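S.K.: Position one of the sequence shown corresponds to residue 539 (our numbering), numbered consecutively onward.
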Amino acid sequence: MAGKITNAGRDAIRDFVQSEVAEMGVGTGTTDPTKTNSSLESEVTRKSVSKADGATGETVFKITLSTSDANYADVGAELTEVGTFDADGNLQARLTHSGIRKTSDFEVEYRLSETVVNT
């Protein structure tokens, strides 16, 4: 017999996860993420997250890098990794992405979505 998490249960898990994420960091690392990562490979900056509820069981974490944050001229490399951290600074999730050559001409918004799903 199969069981399912109800929508209310999914939202409760979402709310717990949401309460645990405090910051997002970005960096220039390029190695593939692993479950044993404890930090970004090459962290450049870290910011407090904005949080929002998405669909059922979904939460969205967001940071914005202003025109003066993490610019290529200061960092010397493209931004290629992002991670979420709890209030104690523990890395909870990490991902790599195509390089962003950030300049003072624009802001960059990172939005990460986590969803509790039934399979």
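A virtual CB, placed ideally from N, CA and C, is assigned to each residue, including glycine.
Owing to the predicted nature of the structure, the values given are computational and were not obtained by experimental measurement.
Identify, in the order they occur along the chain, each residue of the same chain with its Cβ nearer than 6 angstroms to the Cβ of E581, setting aside the five sequence neighbours on each side.
M.R.: G563 and G565
S.K.: Would D591 and T597 be called neighbours here (beta carbons separated by less than 8 angstroms)?
M.R.: yes
S.K.: List the residues that DSSP assigns as beta-bridge partners of E581.
M.R.: G565
S.K.: Assuming K585 and L617 form a contact by the criterion Cβ under 8 angstroms, report the distance between their Cβ atoms to the nearest whole angstrom.
M.R.: Not really, about 13 angstroms apart at Cβ, beyond 8 angstroms.
S.K.: Give the secondary structure of A631 by DSSP, where H, G and I count as helix, E and B as strand, and everything else as coil.
M.R.: strand
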